[in-house]
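> Dumping the structure here so I can ask a few things about it.
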Amino acid sequence: MIARRIAAILFLPMMFAFGSGVYLYLGTMKSKVVKERAQLPTVTKPRFVLPGTVLVVQEGRLFKLNAGSFTEIGPPGAWSQPALTPDHTKLIAVSRSGFYSDLYLLDLDGHVIKRLTKNDARIIDANHWVFYPHVSPDGATLTYSLDSPKYGFQVDLAVWSMPLNGTQAQARRRTTPNGHTGGDVSPIPLAGGGLLFVRHSIDPSTAAYSQIYYQSRPLAVPTPLTSEADDCSQPALSPDGTQLAMICTGGKQTAKVEVAPFTGSALGPAKVLLDGRLYAAPAWSPDGKALAYFAPAGAAGHFQLWYLALPDLAPSASASASATPSAGATPSVRASPSPAPTPPVPIQVTQGVDLSATSPPAWF
Amino acid sequence: MAGQGPARRRRASRVHPVRLTVLTVICLLLSGLAGAAAYFFPVVVAGVGQTGQTVVVPPSSSAGRASPTPSAPPGGPFTVLLLGSDDDSKFKSDHVLTQSMILVRVEPATKHVTMLSIPRDLWVPLSTGGSAKVDAAYSYGGAAAAIATVERNFHVHIDEYAWIGLKGLIKLIDRLGGIDIFVTNPVLDDFYPNDIDVKYIYGYKRVAVLPGAQHLNGATALEYVRSRHNDINGDFGRSARQQQVLLAIKAKTSTLTAADLPDIVDALKGEFKTSMGLDRVRSLLGVAAAFDLANVKQVVLYACPSGCYTSYSNGAQYGGQSVVVPHWNQILPVVKANFP
Chain A
0 MIARRIAAIL
10 FLPMMFAFGS
20 GVYLYLGTMK
30 SKVVKERAQL
40 PTVTKPRFVL
50 PGTVLVVQEG
60 RLFKLNAGSF
70 TEIGPPGAWS
80 QPALTPDHTK
90 LIAVSRSGFY
100 SDLYLLDLDG
110 HVIKRLTKND
120 ARIIDANHWV
130 FYPHVSPDGA
140 TLTYSLDSPK
150 YGFQVDLAVW
160 SMPLNGTQAQ
170 ARRRTTPNGH
180 TGGDVSPIPL
190 AGGGLLFVRH
200 SIDPSTAAYS
210 QIYYQSRPLA
220 VPTPLTSEAD
230 DCSQPALSPD
240 GTQLAMICTG
250 GKQTAKVEVA
260 PFTGSALGPA
270 KVLLDGRLYA
280 APAWSPDGKA
290 LAYFAPAGAA
300 GHFQLWYLAL
310 PDLAPSASAS
320 ASATPSAGAT
330 PSVRASPSPA
340 PTPPVPIQVT
350 QGVDLSATSP
360 PAWF
Chain B
0 MAGQGPARRR
10 RASRVHPVRL
20 TVLTVICLLL
30 SGLAGAAAYF
40 FPVVVAGVGQ
50 TGQTVVVPPS
60 SSAGRASPTP
70 SAPPGGPFTV
80 LLLGSDDDSK
90 FKSDHVLTQS
100 MILVRVEPAT
110 KHVTMLSIPR
120 DLWVPLSTGG
130 SAKVDAAYSY
140 GGAAAAIATV
150 ERNFHVHIDE
160 YAWIGLKGLI
170 KLIDRLGGID
180 IFVTNPVLDD
190 FYPNDIDVKY
200 IYGYKRVAVL
210 PGAQHLNGAT
220 ALEYVRSRHN
230 DINGDFGRSA
240 RQQQVLLAIK
250 AKTSTLTAAD
260 LPDIVDALKG
270 EFKTSMGLDR
280 VRSLLGVAAA
290 FDLANVKQVV
300 LYACPSGCYT
310 SYSNGAQYGG
320 QSVVVPHWNQ
330 ILPVVKANFP
């Protein structure tokens, strides 16, 4: 009788332990996709060592990837979209607050040198957003997208320029966006004073398009370099100015990474390098022989940095390669893209992180 | 006799190994079941409380049918009315406006899905009487009125409904670990309602969702689907974004397992109601996992930009309200073609 009682007493904790075990085991059966949480870049080890240094952003924090390890730079805040000066000695980054954002000049260790814009205001709708900083090739002009002017409910980004060593009061608007579309983004100032940027349009059927435009001078009527149907955006100009990498969706929820020769004012036939995933923010390597970009790795959807060594991108006869903008050239909508003959193989650089795909990598 | 007593007691106190094994297995089974029951208890509670909501739709002349809602045959095509609502704290419980109304027809056999967004400002006769914006139907008569109003005006048969609150959408997306979206254009809004987790729910805030592929958390995804002030197509543009996010959620949920259900249920606590029973929810999840996004047809009843009469609707002012006047001669053929 005593033995039975002892057995029963021993059985109870065993049952409790087994029941708890089943409970905990079921918890481990959750989808890995849902369980996966992004790690800080600094606690991860990249899978591939990129040449040079790359600046990336995760959850408002700036990180420098160099020689296979991450270092956090910059003071606490909501940082995004780091862009290098042409001499690669400083960077411009966006600091975002609840109702506004501003541009700051920082050194490469993330120390703030200067606040470049002041967009905060006491009245909510008097605040402004500024995004997409880009310094001109001569280092003199800072170009960016600013939501000004605004009219009531209409808030659209227009491309503005100001002297990098000047003040915001010297800023001048360069483009007039389509109203109620979100506006013009991703400006790239060119050596001869021209500008590449992305313009958005929305048709009455609610379909939204983005097109890459060329503008010869401020407020001049810009010329589309890509068609509405191609839906191209996120342009990145190669270091020698002869190739333009871009993201094109064709109106779908998947993207292509394309590269087309650029004459300084016109695009040649594009080559599709990658297709069928959510690619974002291509950036050129300093030698112009590779691209870095963001794309999700695995089903969790966290964006990782990828590396793509480029195939031979010799420009075709239809678009001669020239870094010098030709004022007399007639820009035209490019021909349909053709697939690259030998598809390059992308290499995943980071793992376990969740990088901001709207902050293009700054690679130097 | 005296000598047999202790011997019997010894025999009786010895447990037969087979009986002991059977007893052990039974005890472990029971304890395992108890562990599983504890794990899925929130799902069962939610299943009882939030699914299988009874809807009594009053009969109508144009699309009349007896109440309660008859279910579509198992495995056959069925139509669900998805309803998304404002923050409840602005209204009395269950008297909220529906900011989002999407008709979804599911054809399990062909694995096709059709989504049709109904503009919230569409001026229609309500099933409860009078005319108003269609988003008011739910506030006057709950899901039954919303269903009846849509059925009568669009001449469709609705088998089920599902309602989700804004906070529920945020929590759901966060529990899913976020969603991947290609944002087609910058979504900027200086007058976005600042009514989630704040004391003063009538304020505004500025939002900016930048274009391009990105991983959105629940709060940003809500900003993306809810903002409309700076969209040239207003509510129609927002409807297109809502469908986009629905598809992204669908893509993410197809990776879920049964073990994820308690978390999902917890995220939707008090923020989700449906007429679907647990059986249909379970089968719908299975069907959703098998759908290819290429087989999803999206329809938005967009408005005419400037006074023409070839589109599905046009804007107007009724009693000081900005409303959308339906062009039924354009709308009904589209509805009939997609929701037979």
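Here the protein sequences come in this chain order: A and B.
So that you can map any letter, position 346 of the first sequence is 345 in numbering that gives the first Met the number 0, and since no number is skipped, the others follow by simple counting.
So that you can map any letter, position 169 of the second sequence is 168 in numbering that gives the first Met the number 0, and since no number is skipped, the others follow by simple counting.
Where a beta carbon is used, it is the ideal one built from N, C-alpha and C, also for glycine.
Assign PRO124 of chain B to one of three DSSP states: helix, strand, or coil.
Here residue 124 of chain B is taken as the residue at index 125 of the second sequence, counted from 1. Of the three classes helix, strand and coil, the one that applies to PRO124 of chain B here is strand, per DSSP.
> Using a Cβ cut-off of 8 Å (strictly closer), state whether VAL33 of chain A contacts chain B.
Against the first sequence, residue 33 of chain A aligns to sequence position 34. Closer than 8 Å: yes.
> Helix, strand or coil, according to DSSP, for ALA235 of chain B in the structure here?
Reading the second sequence from its first residue, position 236 is the one you call residue 235 of chain B. In the sequence on display, residue 235 of chain B carries Phe and not Ala. DSSP places PHE235 of chain B in helix when its eight states are reduced to three.
> Beta carbons nearer than 8 Å to chain B: which residues of the stretch 126 to 149 of chain A have them?
Listed by position along the chain: ASN126, TRP128, PHE130, ASP146, LYS149.
> Are VAL323 of chain B and LEU121 of chain B close, meaning C-beta to C-beta below 8 Å?
Counting from one through the second sequence, the residue named residue 323 of chain B turns up at place 324. Counting from one through the second sequence, the residue named residue 121 of chain B turns up at place 122. Cβ atoms of VAL323 of chain B and LEU121 of chain B: closer than 8 Å.
> Out of A:PRO360, A:LEU307, A:ALA356, A:ALA361, which one is the CA nearest neighbour of PHE47 of chain A?
By 1-based counting over the first sequence, the position of residue 47 of chain A is 48. For the residues A:PRO360, A:LEU307, A:ALA356, A:ALA361, the minimum Cα distance to PHE47 of chain A belongs to A:LEU307.
> Three Cβ pairs or more, each shorter than 8 Å: is that satisfied between the stretch 78 to 89 of chain A and the stretch 101 to 108 of chain A?
Yes: the two stretches touch, three or more of their Cβ pairs being nearer than 8 Å.
> Within the same chain, show all residues whose beta-carbon is closer than 8 Å to that of THR242 of chain B, passing over the 5 residues directly before and after it, in chain order.
Taking the first residue of the second sequence as 1, we reach residue 242 of chain B at position 243. The residue you asked about is not Thr; residue 242 of chain B is Gln in the sequence shown. Cβ within range, chain order: ILE101, MET114, SER116, GLN297, VAL299.
> Chain B beta carbons: is any one of them nearer than 8 Å to that of LEU156 of chain A?
Walking along the first sequence from the start, residue 156 of chain A turns up at place 157. Yes, its Cβ sits closer than 8 Å to a Cβ of chain B.
> Kindly indicate the opening and closing residues of the alpha helix (DSSP H) around TRP327 of chain B.
Reading the second sequence from its first residue, position 328 is the one you call residue 327 of chain B. It spans 327 to 337 - the alpha helix (DSSP H) in which TRP327 of chain B sits, taken as one unbroken run.
> Using three-state DSSP, classify ASN294 of chain B as helix, strand or coil.
By one-based count along the second sequence, residue 294 of chain B stands at place 295. Helix at ASN294 of chain B.
> Going by the beta-carbon positions, is the gap between VAL53 of chain A and ALA361 of chain A smaller than 8 Å?
Start at 1 with the first residue of the first sequence, and residue 53 of chain A comes out as number 54. Start at 1 with the first residue of the first sequence, and residue 361 of chain A comes out as number 362. Closer than 8 Å, so yes.
> Check for me: the alpha helix (DSSP H) holding ARG4 of chain A runs from which residue to which?
The residue labelled residue 4 of chain A in the question sits at position 5 within the first sequence. From DSSP, the alpha helix (DSSP H) with ARG4 of chain A extends over 1 to 27.
> Closer than 9 Å by beta-carbon distance: list the chain B residues that pair up with ASP124 of chain A, in chain order.
One-based indexing of the first sequence puts residue 124 of chain A at position 125. Ordered by position in chain B, the residues that pass the 9 Å Cβ test against ASP124 of chain A are ASP189, PHE190, TYR203, ARG205.
> Going along the chain, which residues of its own chain have a beta-carbon closer than 6 Å to the beta-carbon of ASP189 of chain B, five neighbours each way excluded?
As a first step, residue 189 of chain B must be located in the second sequence, where it is residue number 190. Excluding residues within five positions, the ones whose Cβ falls inside 6 Å are ARG205.
> According to DSSP, is ILE157 of chain B helix, strand or coil?
On the second sequence, position 158 is the one that residue 157 of chain B refers to. Here ILE157 of chain B sits in coil by DSSP.
> Since ILE201 of chain A meets chain B, which of its residues come closer than 9 Å, beta carbon to beta carbon?
As a first step, residue 201 of chain A must be located in the first sequence, where it is residue number 202. The answer, in chain order, is THR183, ASN184, ASP230, ILE231, ASN232, GLY236.
> Taking C-beta to C-beta, are ASN229 of chain B and HIS179 of chain A nearer than 8 Å?
In the second sequence, residue 229 of chain B corresponds to position 230, counting from 1. In the first sequence, residue 179 of chain A corresponds to position 180, counting from 1. A contact, by the Cβ cut-off of 8 Å.
> Within the same chain, show all residues whose beta-carbon is closer than 6 Å to that of GLU159 of chain B, passing over the 5 residues directly before and after it, in chain order.
The count along the second sequence starts at 1 and reaches residue 159 of chain B at position 160. The residues are VAL79, SER274, MET275.
> Which runs of the beta strand (DSSP E), 3 residues or longer, sit entirely within the stretch 192 to 235 of chain B?
Taking only runs of at least 3 residues, the beta strand (DSSP E) segments lying wholly in the stretch 192 to 235 of chain B are 202 to 208, 211 to 215.
> What residues of chain A sit near HIS214 of chain B, judged by a beta carbon separation below 8 Å?
Along the second sequence, one-based indexing puts residue 214 of chain B at 215. By Cβ distance, chain A contributes PRO295, GLY300, HIS301, PHE302, ASP353, ALA356.
> Taking C-beta pairs closer than 9 Å, name the residues in chain A that ILE178 of chain B reaches, listed in chain order.
Indexing the second sequence from 1 puts residue 178 of chain B at position 179. Going along chain A in sequence order, the residues near ILE178 of chain B (Cβ under 9 Å) are GLY300.
> Quick check: ALA244 of chain A and TRP283 of chain A, are their CB atoms within less than 8 Å of each other?
As a first step, residue 244 of chain A is located in the first sequence; it is residue number 245 there, counting from the start. As a first step, residue 283 of chain A is located in the first sequence; it is residue number 284 there, counting from the start. Yes, Cβ-Cβ distance for ALA244 of chain A and TRP283 of chain A is below 8 Å.
> Tell me the rounded alpha-carbon separation between ILE195 of chain B and ASP85 of chain B.
By 1-based counting over the second sequence, the position of residue 195 of chain B is 196. By 1-based counting over the second sequence, the position of residue 85 of chain B is 86. Rounded to the nearest angstrom, the two C-alpha atoms are 10 Å apart.
> Classify GLY219 of chain A as buried or exposed, calling it buried when 16 or more other Cβ atoms lie within 10 Å of its own Cβ.
The residue labelled residue 219 of chain A in the question sits at position 220 within the first sequence. For clarity, residue 219 of chain A is Ala in the given sequence; the question names Gly instead. That one is exposed.
> Thinking C-alpha only, which one of B:VAL105, B:ALA108, B:VAL295, B:ARG119 is nearest VAL95 of chain B?
Position 96 of the second sequence, counting from 1, holds the residue named residue 95 of chain B. Selected option, being the one with the closest Cα: B:ARG119.
> Leaving aside the five residues before and after VAL158 of chain A along the sequence, list all residues of the same chain whose C-beta is less than 7 Å from its C-beta, in chain order.
Numbered from its first residue, the first sequence carries residue 158 of chain A at position 159. If we look at VAL158 of chain A and ignore the five residues flanking it on each side, its Cβ neighbours are THR142, SER144, ARG173, THR174, ASP183, PRO186, LEU194, PHE196.
> Kindly give me the distance between the Cβ atoms of THR183 of chain B and ALA207 of chain A, rounded to whole angstroms, as I take these residues to be in contact under 8 Å.
In the second sequence, the residue the question calls residue 183 of chain B occupies position 184. In the first sequence, the residue the question calls residue 207 of chain A occupies position 208. Their Cβ separation, rounded to whole angstroms, is 4 Å, which keeps THR183 of chain B and ALA207 of chain A in contact under 8 Å.
> What distance in whole Å lies between the Cβ atoms of LEU175 of chain B and THR252 of chain B, which are believed to be in contact at a cut-off of 8 Å?
Your numbering for residue 252 of chain B matches position 253 in the second sequence. Your numbering for residue 175 of chain B matches position 176 in the second sequence. Between LEU175 of chain B and THR252 of chain B the Cβ distance is about 7 Å, and since that is below 8 Å, they are a contact.
> With a Cβ-Cβ cutoff of 8 Å, do GLY351 of chain A and THR43 of chain A count as a contact?
Against the first sequence, residue 351 of chain A aligns to sequence position 352. Against the first sequence, residue 43 of chain A aligns to sequence position 44. Taking 8 Å as the Cβ cut-off, GLY351 of chain A and THR43 of chain A qualify as a contacting pair.
> Report the rounded CA-to-CA distance for LEU309 of chain A versus THR219 of chain B, giving the unit in angstroms.
Here the question's residue 309 of chain A lines up with position 310 in the first sequence. Here the question's residue 219 of chain B lines up with position 220 in the second sequence. Those two C-alpha atoms are separated by around 35 Å.
> Please tell me whether TRP78 of chain A and TYR99 of chain A are closer than 8 Å, where the distance is taken between their beta carbons.
Residue numbering aside, residue 78 of chain A sits at position 79 when the first sequence is read from its first letter. Residue numbering aside, residue 99 of chain A sits at position 100 when the first sequence is read from its first letter. Not in contact: TRP78 of chain A and TYR99 of chain A (Cβ atoms no closer than 8 Å).
> Is the separation between the beta-carbon of ALA247 of chain B and that of ASP173 of chain B shorter than 8 Å?
Counting from 1 along the second sequence, the entry for residue 247 of chain B is found at position 248. Counting from 1 along the second sequence, the entry for residue 173 of chain B is found at position 174. In this structure, ASP173 of chain B does not lie closer than 8 Å to ALA247 of chain B by Cβ.
> Tell me which residues of the stretch 79 to 94 of chain A have at least one Cβ-Cβ distance to chain B shorter than 8 Å, keeping chain order.
For the stretch 79 to 94 of chain A, which is checked against every Cβ of chain B, not one residue is closer than 8 Å.
> Under 8 Å between C-beta atoms, does PHE62 of chain A make it to chain B?
Along the first sequence, one-based indexing puts residue 62 of chain A at 63. So, not an interface residue.
> Around the Cβ of LYS288 of chain A, are there at least 16 other Cβ atoms within 10 angstroms (buried) or fewer (exposed)?
The count along the first sequence starts at 1 and reaches residue 288 of chain A at position 289. Exposed: under 16 other Cβ atoms inside 10 Å.
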